[in-house]
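Trainee: Protein chains in written order, with the numbering used here: chain A, 818 to 1148; chain B, 16 to 542; chain C, 42 to 336. By construction, the Cβ of each residue, glycine as well, lies at the ideal position given by its N, Cα and C atoms. The structure that follows is given in the form of structure tokens.
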Amino acid sequence: MTGRGNPAEKEEGEYMERTMPRLRGSAKISSRRRRKRSEYRILLLMLVPGLLYFLVFHYLPIYGVAIAFKDFKITQGILGSEWAGFDYFRQAFEDERFYVVLRNTLLISLYKLAFGFPAPILFALLLNEVTRARFKKFVQTVSYMPYFISWVVLGGIVISFFSMDGPVNWALKLLGQEPVLMLGDDRYFRGVLVVTDVFQSFGWGSIIYFAAISGIDHQLYEAAVIDGAGRLKRAVYITIPMLAPVIVIMLILRMSHILDAGFDQIFNLYNPNVYDVADIIDTYVYRKGLTEMQYSYSTAIGLFKSAVALVLVVATNYIAKWMGGKDHTLW
Amino acid sequence: MAQKVLGLALLTTAIAGCSSDGGDPASTPGAGAEATQTQKERMKLQFWSTTPEKVLPDGYALKTIRDEFDVDIDILSRNNETYVQTLQLSIASGEEPDWFSDLDFKDYDKLVDQEVLAEIPPELLEEHAPKYMQWLKKELGDDPFRYTMRNGKNYSMPSLWTLGPRGNVMGIRQDWLDKTGIAKVPESLEELEAAMLKFRNEDPDGNGKKDTYGMTGKTDAIEDFFSPVFGAYGVYPGIFTEKDGKIALGEIEPGAKDALATLNEWYREELIDPEFVLNKNSNVDDKVISEKVGVATNFWWKFLPSDAFFGGIYFDKLTEKNPNAKWATFSGPKGPNGDFGIVQSNPVLNSGLQFSKRLEQDRDKMIKYIQIFEATSFDTALYERTKYGEENKTYRRADGDIEWIPPYDQEEERVKYGISFFNAPGSFNDYDLLAPYMTKSKHMTLRKEAESVGKGKYNLLNPIQRPVFNEYKDRLDQFTKKNLVDFITGKRPIGEFDKYVEEWKQIGGDKVLAEAQQKYDEIFKKE
Amino acid sequence: MGTMRKTAGEKTFDVFLYMLLAAITIVTIYPFWNQVALSISDDTSAYATGMLLFPKQVSLESYELVFQYRPIWIGYGNTILRTALGVSLSVFFTSLTAYPLSKRGLPGNKLFTSLILFTMLFNGGLIPNYFLIKNLGLYDTIWALVIPGMIGGFNVFVIRNFFRSIPESLEESAKIDGAGHLFIFRKIVIPLSKPVLATVALWVAVYHWNAWFDSLIYISDANKQVLQIVLRKIIVENNVEDINTILYKIGQKSDFSGRQLQATVIMFSLIPMLIVYPFVQKYFEKGIMLGAVKG
């Protein structure tokens, strides 16, 4: 169960318990064990409210996933509905369109990850270099404003931003290029998705990194300055390593919504011209829900997404550990 | 995320305000169901409202109904976004309300299957709601229950949107025609094209910029794709219509090819706003009101002042900005064979109103509801009282129009008094009956003229359950939309139209057509 | 740190930095600016296509209208209550849960971690949760909004890992002085974790501030509805009919553009958040770790 503790712990009872038989009269050891046990008892007690909460509010209702395996009829309830096995899953996997939307979901999600994950970090690093406090606060506050504007409204703004007489095309014309209706063009649509998504979320996402940076001991920086390290060196050798724990855990946890490519955003921006590149799992399931499919199908898809997410979280965790970040991972 | 049908239902709701009033939280609905009729105890009925905080239980409207029918009333809260879900949840927990309405046919079918609906024999309706039946038959003919019957039994009170079949018209800026020297409203495709060329190139809004187009469009649904142009060639995209005894789907008919060729030409001539692909509803409205286009296709009432009917934003907003703006409406351009028309809406928008199975055991209650529904929608005297209050106290008649008497011209006072937010349950709107309340007398002729302009066909198969169609709908829709856009913009040459039809059939289209023909024969040919 | 002199290279970097950040700020502030402009414009400018930067005419009518719309204030009250309750419960219980898990030696640690992770990925869906809430008697109460999301796995792990980064020596020295875990938790770990707790508090606050779906499903009394329900009605459903009738009170004739009302209403939702944030920013100030490490 343990064995991964720090050296201090290893010195204590555990290690000795396993390698040495209990010695008579070893009062030191047994009192240590007692202390350990009572220590753990308090810790476990502290854990009780949380576990109770998870039990009642997450594990009790989990039987709902059975809907994915049943021909769910609302009046028969979950238990009373007929068993359908993997029928709904089969339906999904035999549907050609499913693979198209799956591909889109993965691609869009990966692009967003590649650009959207580092962006808040870079932003936090850059802003950290600013010394004028008011400017810094201002920029920070402004940066997280877009996060609060829902895509129902932001979509309209993005559409006019990229419209034929909008600023983007105006800039293109200035540079001597032909204006392009990017949102209606399947070559550019995904790009617009990624860029606008990053822009909406980078400020909000950087908050955790600001918090982490604020915990870095000043003295480290001061010592580095005395040693003659410039800004870049300080950022690379101090800030980033100190941020590593947060970065790793955020990355691992981010994997849990790898197959959520951004329903709200895409729903409000997509159009017939770009279906083939923009349709994702969630928009597809949503439309199917409008015509006919109900709970069973969408639950099955949801289950599929969760399973994939689980695999990715575990895999990323493993890779992180293997790369030496074992103190910062999930397990 | 509003569903299109819910969106239309909302429109209907807004037009005559047809959500009914509700009250207590749904956690105690059992009270209504178990009420036994004793001498002293009154029946407890439930009504819905989207704004329950504005409906006072002792307000005038509710009190009127309570006294008139000797019942007590509970108001249930209804939120349109999660209405269906909350309803399903309440059914699942066995606590569903007495009645509910505006459900899609697909949900209706599920409920019929699961046996949670009460049977509503037509004879019961004939007896207790004669005016309602008359109104139904006027639009639907002698068998108004043909859409809601299941296995020989009827489970619903059908609801109609009588504005549907004649709702859509084409509007053109009369002042722009005048300015560019066009003497009469265009009648044929060629004339429309000529007018739009001038709209595009001759700066009709006089702002010195070449920023006006002939028309724009949106791509939410296939029916939105410039249907008047298709109508000129006798086809109706996105819907199933009848032609020579067979079912026809507009977008794959030969006429569609010609329509698309015309649209492609217009696109190349810059008559069509190139952003039409992206537009949602609100963009189209914006573009019309900010005078970027001279031709628009929409409901006839949008082109009239609000007090001529309802919600006339193309008129009100436009004239606020530009008092010289004027609209002329017509039924769509005529094609080479003299065809014309616009895709319209089937009056049967949804499955109507249903009762919970509980009420099968409580016949009296069902009858009471039916009587109230009949009265609040078709009895002018009662309608006036619940909507306007007492004559000469809260309102008066002046030159045939209704006027509020102060202080009841203030909404707050009206809410306190108990009128103005009570809406007749069930959405049974008889617009002729409601005419004096919706239209100021000075606009009456205007309205009568305007409402007869709309011509075209609507989807015959809307209310009919079609599992094959449901299965392929998404795929076919997307395929068609993409192709239509490509044909119009020229990305796909019009010569490939036949190929498109073949491909469409192969990906499931011919199965859908076969099913459509079969259903059509079943329902319509048996007469 | 501000007492050092910068080199020439650093000064040029500064220039680029400020320019870049200014550019980012401009692009980022644009949507907000657009909504502000839209909300204070007069009626007809609201329909203009293209980018709206400055309204042709300023008018505060739509604000007047929204101010008078009672459901918004009811919504505010409920949302503030929900957020306050939610944040306090959440931060408390999540950190209480994260603390034991931060001890690697804890028996069953890996198992607990897996169990909690599982809840992040899998859930039973609307129907079982609905029945649970009803059966627990929480339906139509504030608890239905505050308890189900009280402890999020994500937050547990973020806080847990932060706790792990606190130097062991602090805990050791406390233990030597006879302190138990509760004391260490309260007096050492929590005070040192202000940045991460503030961040989680902010995340939870925003979650509650923006939440609407649970309120729609679990609350039926109109007086208990949260702000976002009201706003959504206007933004998503474009249900402006109700609010427009208030116009007659101000003596107007025409209705407001749906889009304009949306913008005004968004301000109502956004501005409180903007006011709150500077207070939270305080917790991100540097220099938390005092001389504690040295001794």
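Can you pull the chain C residues whose beta carbon is under 8 angstroms from the beta carbon of residue 360(B), in chain order?
Mentor: Numbered from 1 along the second sequence, position 345 holds the residue referred to as residue 360(B). The contacting residues do not exist; residue 360(B) stays about 19 angstroms from chain C at best.
Trainee: For a contact defined as C-beta to C-beta under 9 angstroms, what are the partners of residue 1151(A) on chain B?
Mentor: Nothing about residue 1151(A) can be read from this structure; chain A reaches only from 818 to 1148.
Trainee: State the Cα-Cα distance for the pair residue 218(C) and residue 224(C), rounded to the nearest angstrom.
Mentor: Numbered from its first residue, the third sequence carries residue 218(C) at position 177. Numbered from its first residue, the third sequence carries residue 224(C) at position 183. Spanning the two alpha carbons is a distance of roughly 11 angstroms.
Trainee: What number of angstroms, rounded off, separates the C-alpha of residue 883(A) from the C-alpha of residue 373(B)?
Mentor: Along the first sequence, one-based indexing puts residue 883(A) at 66. Along the second sequence, one-based indexing puts residue 373(B) at 358. The straight-line gap from Cα to Cα measures roughly 29 angstroms.
Trainee: What does the alpha-carbon distance come out to for the pair residue 393(B) and residue 448(B)?
Mentor: Looking up residue 393(B) in the second sequence gives position 378. Looking up residue 448(B) in the second sequence gives position 433. Straight-line Cα distance between these residues: approximately 7 angstroms.
Trainee: Straight-line CA distance for residue 1000(A) to residue 1077(A)?
Mentor: Taking the first residue of the first sequence as position 1, residue 1000(A) is located at position 183. Taking the first residue of the first sequence as position 1, residue 1077(A) is located at position 260. Their backbone Cα atoms lie some 21 angstroms apart in a straight line.
Trainee: At a Cβ cut of 8 angstroms, what residues of the stretch 98–117 of chain B count as close to chain C, listed as they run along the chain?
Mentor: Against chain C - using a Cβ distance shorter than 8 angstroms - the residues of the stretch 98–117 of chain B are 100, 101, 104, 107, 108.
Trainee: Using a Cβ-Cβ cutoff of less than 7 angstroms, which residues in the same chain neighbour residue 101(C) once the five nearest sequence positions on both sides are dropped?
Mentor: Locating residue 101(C) in the third sequence gives position 60, where the first residue counts as 1. Contacts found: 81.
Trainee: What does a CB cutoff of less than 6 angstroms around residue 128(C) pick up in its chain, not counting 5 residues either side in sequence?
Mentor: Counting from 1 along the third sequence, the entry for residue 128(C) is found at position 87. Contacts found: 242, 245, 246.
Trainee: Please report the straight-line C-alpha distance between residue 1138(A) and residue 240(C), rounded to a whole angstrom.
Mentor: Against the first sequence, residue 1138(A) aligns to sequence position 321. Against the third sequence, residue 240(C) aligns to sequence position 199. Between residue 1138(A) and residue 240(C), the C-alpha separation is close to 26 angstroms.
Trainee: For residue 121(C), tell me which candidate among 248(C), 221(C), 160(C) has the shortest Cα-Cα distance.
Mentor: Looking up residue 121(C) in the third sequence gives position 80. When each option's Cα is compared against that of residue 121(C), the closest is 248(C).
Trainee: Look up residue 343(B) in the DSSP assignment and say whether it is helix, strand or coil.
Mentor: Your numbering for residue 343(B) matches position 328 in the second sequence. Strand.
Trainee: Closest to residue 871(A) by C-alpha separation, out of 311(C), 192(C), 106(C), would be which residue?
Mentor: In the first sequence, the residue the question calls residue 871(A) occupies position 54. Comparing Cα-Cα distances from residue 871(A) to each of 311(C), 192(C), 106(C), the minimum goes to 192(C).
Trainee: Measure from the C-beta of residue 1048(A) to each C-beta in chain B and report whether the shortest distance is under 7 angstroms.
Mentor: As a first step, residue 1048(A) is located in the first sequence; it is residue number 231 there, counting from the start. It does not: the Cβ of residue 1048(A) has no partner Cβ on chain B nearer than 7 angstroms.
Trainee: Please state if the CB of residue 236(C) and the CB of residue 1028(A) are separated by a distance shorter than 7 angstroms.
Mentor: Looking up residue 1028(A) in the first sequence gives position 211. Looking up residue 236(C) in the third sequence gives position 195. For residue 1028(A) and residue 236(C), yes; Cβs fall inside 7 angstroms.
Trainee: Three or more beta-carbon pairs under 8 angstroms between the stretch 889–897 of chain A and the stretch 126–145 of chain B, yes or no?
Mentor: The answer is yes - the stretch 126–145 of chain B touches the stretch 889–897 of chain A, with three or more Cβ pairs under 8 angstroms.
Trainee: Return the Cβ separation of residue 68(B) and residue 112(C) in integer angstroms, given the expectation that the two are a contact with Cβ distance under 8 angstroms.
Mentor: The residue given as residue 68(B) occupies position 53 in the second sequence. The residue given as residue 112(C) occupies position 71 in the third sequence. Contact holds; Cβ gap of about 7 angstroms.
Trainee: Going by beta-carbon coordinates alone, are residue 138(B) and residue 168(B) separated by less than 7 angstroms?
Mentor: Position 123 of the second sequence holds residue 138(B). Position 153 of the second sequence holds residue 168(B). For residue 138(B) and residue 168(B), no; Cβs fall outside 7 angstroms.
Trainee: Taking C-beta to C-beta, are residue 493(B) and residue 1092(A) nearer than 7 angstroms?
Mentor: Reading the second sequence from its first residue, position 478 is the one you call residue 493(B). Reading the first sequence from its first residue, position 275 is the one you call residue 1092(A). Yes, the Cβ-Cβ distance between residue 493(B) and residue 1092(A) is below 7 angstroms.
Trainee: How big is the Cα-Cα spacing for residue 1128(A) and residue 1058(A)?
Mentor: Taking the first sequence and counting its residues from 1, one reaches residue 1128(A) at position 311. Taking the first sequence and counting its residues from 1, one reaches residue 1058(A) at position 241. Answer to the nearest angstrom: the Cα atoms are 27 angstroms apart.
Trainee: Name, please, each residue of chain A whose Cβ falls closer than 8 angstroms to the Cβ of residue 520(B).
Mentor: Here residue 520(B) is taken as the residue at index 505 of the second sequence, counted from 1. The contacting residues do not exist; residue 520(B) stays about 16 angstroms from chain A at best.
Trainee: List, from N- to C-terminal side, the alpha helix (DSSP H) runs of 4 residues or more that fit wholly inside the stretch 70–158 of chain C.
Mentor: Fully enclosed alpha helix (DSSP H) runs of 4 or longer: 102–108, 111–142.
Trainee: For residue 123(B) and residue 365(B), I'd like the C-alpha separation in whole angstroms.
Mentor: The residue labelled residue 123(B) in the question sits at position 108 within the second sequence. The residue labelled residue 365(B) in the question sits at position 350 within the second sequence. The alpha-carbon atoms of residue 123(B) and residue 365(B) are separated by roughly 9 angstroms.
Trainee: What's the gap between the Cα of residue 282(B) and the Cα of residue 504(B)?
Mentor: In the second sequence, residue 282(B) corresponds to position 267, counting from 1. In the second sequence, residue 504(B) corresponds to position 489, counting from 1. Looking at the two C-alpha atoms, the distance is approximately 6 angstroms.
Trainee: Pair every Cβ in the stretch 1066–1082 of chain A with every Cβ in the stretch 928–939 of chain A, then say whether three or more of these pairs are closer than 8 angstroms.
Mentor: The stretch 1066–1082 of chain A vs the stretch 928–939 of chain A: in contact.
Trainee: By Cβ distance below 7 angstroms, which residues in the same chain neighbour residue 537(B) in space, the five residues on each side in sequence not counted?
Mentor: The sequence position of residue 537(B) within the second sequence is 522, counting from 1. Answer for residue 537(B): no residue qualifies.
Trainee: Do you know whose CA, among 79(B), 102(B), 328(B), lies nearest residue 317(B)'s CA?
Mentor: Taking the first residue of the second sequence as 1, we reach residue 317(B) at position 302. It is 328(B).
Trainee: Exposed or buried, residue 137(C), counting other C-beta atoms within 10 Å across all chains shown (16 or more means buried)?
Mentor: As a first step, residue 137(C) must be located in the third sequence, where it is residue number 96. Buried, since its Cβ has 16 or more Cβ neighbours within 10 Å.
Trainee: Are at least three pairs of beta-carbons, each pair with one atom in the stretch 1118–1136 of chain A and one in the stretch 156–165 of chain C, less than 8 angstroms apart?
Mentor: Result yes; three or more Cβ-Cβ pairs closer than 8 angstroms.
Trainee: What are the partner residues of residue 888(A), as DSSP defines its beta bridges?
Mentor: Here residue 888(A) refers to the residue found at position 71 of the first sequence. For residue 888(A), which the question treats as bridged, DSSP gives the partners 899(A).
Trainee: With 7 angstroms set as the bound, which would you pick, yes or no: does the beta-carbon of residue 1001(A) sit closer than that to a beta-carbon of chain B?
Mentor: Here residue 1001(A) is taken as the residue at index 184 of the first sequence, counted from 1. Cβ-Cβ to chain B under 7 angstroms: yes for residue 1001(A).
Trainee: Quick one: what's got a C-beta closer than 8 angstroms to residue 1019(A)'s C-beta in the same chain, skipping five residues either side?
Mentor: Within the first sequence, residue 1019(A) is the residue found at index 202, counting from 1. So the qualifying residues of the chain are 933, 936, 937, 940, 960.
Trainee: Which word fits residue 395(B), buried or exposed, when buried means at least 16 other C-beta atoms lie within 10 angstroms of its C-beta?
Mentor: In the second sequence, counting from the first residue as 1, residue 395(B) sits at position 380. With fewer than 16 Cβ atoms within 10 Å of its Cβ, residue 395(B) is classed as exposed.
Trainee: Following the continuous alpha helix (DSSP H) through residue 874(A), name the residue where it begins and the one where it ends.
Mentor: Taking the first residue of the first sequence as position 1, residue 874(A) is located at position 57. Per DSSP, residue 874(A) belongs to no alpha helix (DSSP H) and is neither H nor E.
Trainee: Can you pull the DSSP bridge partners for residue 212(C)?
Mentor: Against the third sequence, residue 212(C) aligns to sequence position 171. The partner list for residue 212(C) (beta bridge, DSSP) is empty, contrary to what the question assumes.
Trainee: Could you check what DSSP says for residue 89(B) in three-state terms: helix, strand or coil?
Mentor: The residue given as residue 89(B) occupies position 74 in the second sequence. In the structure shown, residue 89(B) sits in a strand (DSSP, three-state: E or B).
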